[in-house]
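Student: Protein chains in written order, with my numbering: chain D, 1 to 211; chain C, 1001 to 1211; chain U, 2001 to 2211. Note that CB positions come from ideal geometry on N, CA and C, so glycine has one too. One structure follows; several queries about it will come next.
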Amino acid sequence: MVLPIDKLFSLIDFLGVFAAALGGAIAAVRDTRYKYDLVGVTGLAFAAALGGGIIRDLILQHGPPLAFSDSRYLLLALAGAAVGMLFANRAGKYTDRAIAFVDAAALGLFAVAGSTRAINAGLGRLPALLLGIVTAAGGGSLRDVLSGRTPKIFEGGQIYAIAAAFGAAVFVICDSLHLDRSMSTLAGALCGFGLRVLALRFDWKTRPVRR
Amino acid sequence: MVLPIDKLFSLIDFLGVFAAALGGAIAAVRDTRYKYDLVGVTGLAFAAALGGGIIRDLILQHGPPLAFSDSRYLLLALAGAAVGMLFANRAGKYTDRAIAFVDAAALGLFAVAGSTRAINAGLGRLPALLLGIVTAAGGGSLRDVLSGRTPKIFEGGQIYAIAAAFGAAVFVICDSLHLDRSMSTLAGALCGFGLRVLALRFDWKTRPVRR
Amino acid sequence: MVLPIDKLFSLIDFLGVFAAALGGAIAAVRDTRYKYDLVGVTGLAFAAALGGGIIRDLILQHGPPLAFSDSRYLLLALAGAAVGMLFANRAGKYTDRAIAFVDAAALGLFAVAGSTRAINAGLGRLPALLLGIVTAAGGGSLRDVLSGRTPKIFEGGQIYAIAAAFGAAVFVICDSLHLDRSMSTLAGALCGFGLRVLALRFDWKTRPVRR
């Protein structure tokens, strides 16, 4: 069976929303500072899963965000939040790894999806790059702000926004070289995903700017 | 004298904005962590009063938010903030109860108003439900984030977002059964209001998800 | 050589974005609570430089924000962030003063620019005033929220939002008296700038509302 490439991307897109909601719910349940109730865990899972895309769609101003106009996103976020809540106390090392893996795939794809929509809307390459990063990192950042924290991408030392920037940059460069759009998408998504996975595997960290 | 139902809703809508600004200003003046100046108290009162509607209108993308295009909202928020500042130190138990009561009425109506606009914009039932919750709970959440806190609806244990969800759900269900729109509005607003008032009266609380 | 007035405003607008990014980057590097990495410093500098205009453009809903549709804004923010990072540890009293001075000029101009766009979009005078304040103070506030703080304009005691309100009010009043648009702009921008500089020079502070 051959899966057409756009079906594959749709699948990863949906998987990414599910994984982000799952991860967001687990993080909220395990939070040591606040004891979130059902509303809190669901709200933070939704923010993590849908926040990046909503911010992207608000900036592009092409009508209501996809998360509101296509109910499948909401249903997947809801499912991820529910599964996360049920299994948060049971999730072990392997679950965490699986979530990090799907999250890395979503990071690459969300970054490219953000840049693609920016280019389709006629924006320049630099804004397209920024929108890719905002799409990939926006959900997690919104969740962090709603938890009363500074976004982890700013101070955690994780190669996260940088992986998104790398994926988006590869896509934008390929696209401006007039490569086939699905090839550019694949290249960008794989590069973002790959850098994130390598950073996790070898524990690469950024350094604080202050010496 | 008979008050037509849409006039009544307009009145509650305006009262809700006034009450939210009043409550926001009082909370800001009494804040024990920060000592807000005039700008801070007014800013937080505005966020509480207008934030939910602004977020709703940004998501629906139907031109500038109502809070900016209809000056009455701004004037009412300003009046609420001013009255709140003047009476914050004198407000006692009865004032607090009156604010909580008007706030509960506004919660029910804002939830239904959010869902109504979503359905009018052609969104599905599930997004309409979510937008109702966001409209009702968005203002208070924005105020909390601007005060450097995690939104109270996430961790306070209050039946707040759940009451909004209940009111919005009743409205969406009535509406999808093709009931008269003003009947559906009334039913949804009363259900949201009623659950909130009952939760306050009998001190119903949610439990943290973590066991 | 005579510089036409709209060129001058464009110049201050760009200088303001550069200065805000520079100041944002320096503040992020010097932050004592968090140790920001490259992504954090750049992100906070971008928020400070572009946040106010992005919030303004989202509210006005006239297509993608200027910060995304005109690449010069992004490039200037990037340049400001880079220079800020390089010189943060070397910046002394004179640099801080120069940044505060350009920032005050940007405050006056951003306030007037926000009100101008609101009036051009057909909004009333009161919303135009509010949008002027939001444009001038939004970037710094977004940066503060992303740093896990309550916005400085709310509790710092600084005459900041008040200076923006003063500049925007002077502009809106002049404009509603049908004065020449560029005269109104000049008057508003100078009044906002002037009040801010005087407040810094003579250390004027607001008082907390609570007695």
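Grab the span of the alpha helix (DSSP H) containing U/Arg-2056 for me, first residue to last.
Tutor: 2038-2060
Student: In terms of DSSP beta bridges, what is D/Gln-158 paired with?
Tutor: D/Lys-205
Student: Give the residues of chain C in contact with D/Val-41, contact being defined as C-beta atoms less than 7 Å apart.
Tutor: Taking a Cβ-Cβ threshold of 7 Å, the residues of chain C close to D/Val-41 are Val-1209, in chain order.
Student: If we count the other Cβ atoms within 10 Å of its Cβ and call it buried at 16 or more, is U/Thr-2135 buried or exposed?
Tutor: buried
Student: Would you be able to state if there are at least three C-beta pairs under 8 Å between the stretch 2158-2167 of chain U and the stretch 2099-2117 of chain U?
Tutor: yes
Student: What in chain C is Cβ-close to U/Pro-1991, meaning under 9 Å?
Tutor: Residue 1991 of chain U falls outside the range modelled here, since chain U spans only 2001 to 2211, and no answer is possible.
Student: Tell me the rounded alpha-carbon separation between D/Ala-82 and D/Gly-16.
Tutor: Taking the Cα positions, D/Ala-82 is about 15 Å away from D/Gly-16.
Student: Nearest to C/Met-1085 by alpha carbon, out of C/Gly-1052, C/Val-1039, C/Arg-1097?
Tutor: C/Val-1039
Student: Considering only the alpha carbon of each residue, which of D/His-62, D/Ile-173, D/Leu-66, D/Asp-37 lies closest to D/Gly-51?
Tutor: Selected option, being the one with the closest Cα: D/Leu-66.
Student: Please report whether the beta-carbon of U/Gly-2148 lies at a distance below 8 Å from any beta-carbon of chain D.
Tutor: yes
Student: D/Ala-98: buried (16+ other C-beta within 10 angstroms of its C-beta) or exposed?
Tutor: exposed
Student: For U/Leu-2198, count neighbouring Cβ atoms within 10 angstroms of its own Cβ and tell me buried if that reaches 16, exposed if not.
Tutor: exposed
Student: Establish whether the CB of C/Val-1145 and some CB of chain U are separated by less than 8 Å.
Tutor: yes
Student: Could you give the residue range of the alpha helix (DSSP H) that holds U/Ser-2147?
Tutor: For U/Ser-2147, there is no enclosing alpha helix (DSSP H), as DSSP gives it neither H nor E.
Student: Cα separation between D/Arg-90 and U/Ser-2141?
Tutor: 40 Å
Student: When the cut-off is 8 Å and only beta carbons count, does D/Ala-121 lie next to chain U?
Tutor: Yes, D/Ala-121 counts as interfacial toward chain U.
Student: Roughly how many angstroms lie between the CA atoms of C/Val-1041 and C/Ala-1088, to the nearest whole one?
Tutor: 11 Å
Student: Looking only at its chain, what residues have a beta carbon closer than 7 Å to the beta carbon of U/Ala-2049, apart from the 5 residues adjacent to it on each side?
Tutor: Listed in chain order, the non-local C-beta contacts of U/Ala-2049 below 7 Å within the same chain comprise Val-2017, Ala-2020, Ala-2021, Gly-2024, Ala-2077, Gly-2080, Gly-2139, local neighbours out to five positions each way being set aside.
Student: Between C/Ala-1105, C/Asp-1203, C/Gly-1063, which lies nearest to C/Phe-1014 when the distance is taken from Cα to Cα?
Tutor: C/Ala-1105
Student: Sort U/Arg-2181, U/Pro-2208, U/Trp-2204 by Cα distance to U/Phe-2009 and report the nearest one.
Tutor: The shortest C-alpha separation from U/Phe-2009 is found at U/Arg-2181.
Student: Going by beta carbon distance, what residues of the same chain come within less than 7 Å of C/Gly-1053, once the five residues before and after it are set aside?
Tutor: Pro-1065, Leu-1066, Ala-1067, Thr-1135
Student: For a contact defined as C-beta to C-beta under 7 Å, what are the partners of D/Ala-161 on chain U?
Tutor: Val-2039
Student: Which residue comes first and which comes last in the alpha helix (DSSP H) that contains C/Asp-1096?
Tutor: 1093-1120
Student: Just to confirm my understanding: we take C/Leu-1130, look at its own chain, exclude 5 residues before and 5 after, and list those with CB closer than 7 Å. What are they?
Tutor: none
Student: For C/Phe-1068, go through chain D and note every residue whose CB falls closer than 9 Å to its CB, in chain order.
Tutor: Residues of chain D passing the Cβ test: none, with the nearest at roughly 16 Å.
Student: Does C/Asp-1006 pass the burial test, meaning 16 or more other C-beta atoms within 10 Å, or should it be called exposed?
Tutor: exposed
Student: Ignore the nearest five residues each way along the sequence and tell me which others in U/Ala-2121's own chain have a CB closer than 8 Å to its CB.
Tutor: Leu-2060, His-2062
Student: Taking the alpha helix (DSSP H) that U/Arg-2072 falls in, what are its first and last residues?
Tutor: 2071-2087
Student: If you compare alpha carbons, which of D/Arg-33, D/Trp-204, D/Phe-154, D/Gly-132 is closest to D/Gly-188?
Tutor: When only C-alpha atoms are compared, the closest one is D/Gly-132.
Student: Does the CB of C/Phe-1154 have a neighbour CB from chain D at under 8 Å?
Tutor: yes
Student: Just confirm the distance between the C-beta atoms of U/Arg-2207 and C/Asp-1037, as a whole number of angstroms; I'd bet it's less than 8 Å.
Tutor: 6 Å
Student: So C/Pro-1127 and C/Ala-1118 are in contact, right, with Cβ under 8 Å, and what is the actual spacing, rounded?
Tutor: C/Pro-1127 to C/Ala-1118, Cβ: 6 Å. Contact.
Student: Give the DSSP-derived three-state secondary structure of C/Leu-1186 in the structure shown.
Tutor: In this structure, DSSP gives C/Leu-1186 a helical state, which the three-state scheme calls helix.
Student: Alpha carbon to alpha carbon, how far is D/Lys-152 from C/Asp-1057?
Tutor: 29 Å
Student: Taking its Cβ as the centre, do 16 or more other Cβ atoms sit within 10 Å of U/Ser-2147, making it buried, or is it exposed?
Tutor: buried
Student: At a CB-CB cut-off below 8 Å, which residues of chain D make contact with U/Tyr-1955?
Tutor: Chain U is shown from 2001 up to 2211; residue 1955 of chain U falls before or after that span and cannot be answered.
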